[in-house]
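Presented below is the structure to which this report refers.
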Amino acid sequence: MSPFNRVAVFTLLLAACGSGRQFGTVELGSLSVEGEVQQEFLSQQLLQLDPTFEACYVRALRANRSAEGVIAMNISGKNGHVIPEITANETGSDDLGECVESAVAQLPIREPAGYDPWDFVGQWSVRFDIIRSGQ
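So in our numbering, spot 86 of the sequence shown is number 889, and the numbers just go up one at a time.
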């Protein structure tokens, strides 16, 4: 490896691992729904959004290094789709709220075999926290 490549690799590693970069955690909040729905089955499907929310948060932290807090939403479900409506965004990042809302809206919902199509309303939240040194 040439000296230039070694310096470039070291610089990339330093930039990726340096203390200036923010990292965060995502915690899915409790789900409360009413109507024709199996809440536990729906909760399991919503878990699929965790990696997408993590990607949303990485992008948000690049733009706003202090973005953290809870995003709360009303959700309704019908015809295999969940329709989110953000009711509160404490993160200070509109982009994060839009990313979360878009991810929820794009998730296809599948009812268990043998059950009537779901028709429900409810509330859900997602918490985004910065990992600080010492945590």
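Each residue gets a CB set at the ideal place from its N, CA and C atoms; glycine is no exception.
Since the structure is predicted, the reported quantities are computational estimates derived from the model, not experimental observations.
Taking the alpha carbon of residue i as the point to measure from, which residue in the options has its own alpha carbon closest?
{"i": "valine 873", "options": "Gly880, Phe856 and Leu849", "result": "Phe856"}
{"i": "isoleucine 886", "options": "Phe923, Gln848, Gly917 and Leu834", "result": "Phe923"}
{"i": "serine 835", "options": "Ile933, Val929 and Arg935", "result": "Val929"}
{"i": "lysine 881", "options": "Trp927, Leu910, Gly832 and Leu850", "result": "Leu910"}
{"i": "alanine 908", "options": "Asp898, Ser833, Gly832 and Glu888", "result": "Glu888"}
{"i": "leucine 899", "options": "Trp921, Gly917, Leu864 and Trp927", "result": "Leu864"}
{"i": "cysteine 902", "options": "Gly917, Arg935, Ser936 and Leu852", "result": "Leu852"}
{"i": "serine 927", "options": "Glu904, Val861 and Pro854", "result": "Note that residue 927 is tryptophan in the sequence shown, not serine. Of the listed residues, the one whose Cα sits closest to tryptophan 927 is Glu904."}
Rounding to the nearest angstrom, what Cα-Cα distance links residue i and residue j in this structure?
{"i": "serine 846", "j": "alanine 866", "result": "30 angstroms"}
{"i": "threonine 746", "j": "glutamine 842", "result": "In the structure displayed, the chain extends from 804 to 938; residue 746 sits before or after that span and is not available."}
{"i": "alanine 891", "j": "serine 869", "result": "17 angstroms"}
{"i": "glycine 883", "j": "alanine 875", "result": "21 angstroms"}
{"i": "isoleucine 878", "j": "cysteine 859", "result": "19 angstroms"}
{"i": "aspartate 919", "j": "isoleucine 912", "result": "13 angstroms"}
{"i": "leucine 831", "j": "leucine 850", "result": "8 angstroms"}
{"i": "alanine 811", "j": "proline 854", "result": "In this predicted model, alanine 811 has a pLDDT of only 32, less than 50, meaning its place in the structure is not dependable; the value taken from the coordinates is given anyway. C-alpha separation (whole angstroms): 30 angstroms."}
{"i": "glycine 917", "j": "alanine 906", "result": "27 angstroms"}
{"i": "tryptophan 921", "j": "serine 936", "result": "44 angstroms"}
Less than 9 angstroms between the beta carbons of residue i and residue j, yes or no?
{"i": "glycine 925", "j": "valine 840", "result": "yes"}
{"i": "glutamate 837", "j": "isoleucine 933", "result": "no"}
{"i": "proline 915", "j": "phenylalanine 826", "result": "no"}
Subject >> Ranges of the beta strand (DSSP E) found wholly within the stretch 837 to 897, counting only runs of at least 3 >> reply: If you keep only unbroken beta strand (DSSP E) runs of at least 3 residues inside the stretch 837 to 897, you get 872 to 881 and 884 to 892.
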